[in-house]
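Below: the structure, in structure tokens.
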Amino acid sequence: MKITLVKKILADGSPCAKCRDVQQKLEEQDFLRFVDQTLIADVRDEQSAGMQIARQYAVERAPFFLVEEEGQQPQIYTVYFKLVKEVLQKKMEA
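Take the position in the sequence shown, starting the count at 1, then add 796; the result is the number in my numbering.
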């Protein structure tokens, strides 16, 4: 399983507030170790890796998580608590 976190950088160059909050929760709950990759969706650069992934999966909210498991369609999570319940807690228990 590969988990990618996509965070947004706003037009003024600052990180989005929700992205900061989710990052902090990941660190506090010791879930950040399960995130394999973090990409930045910089709204000032349409070619940034995060913007490309957001377009590819038609995601308009940030932050979001892309969860890829071999042999399955990638899952997109735009709600942190749903990701925790369905993915991260299970990884913690394993």
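Every residue gets a Cβ at the ideal spot worked out from N, C-alpha and C, and that includes glycine.
Keep in mind that this is a model prediction, so the values were computed, not measured.
For this session: Tell me whether the beta-carbon of T834 lies closer than 8 Å to the beta-carbon of V855.
Result: no
For this session: Using the Cα positions of Q819 and Q868, report the straight-line distance between them to the nearest angstrom.
Result: 26 Å
Exercise. Does the beta-carbon distance from I799 to V880 come in below 8 Å?
Worked result: no
Problem set entry | Cβ-Cβ distance between A858 and K814 below 8 Å | yes
Problem set entry | Segment limits, beta strand (DSSP E) that includes Y873 | 871-873
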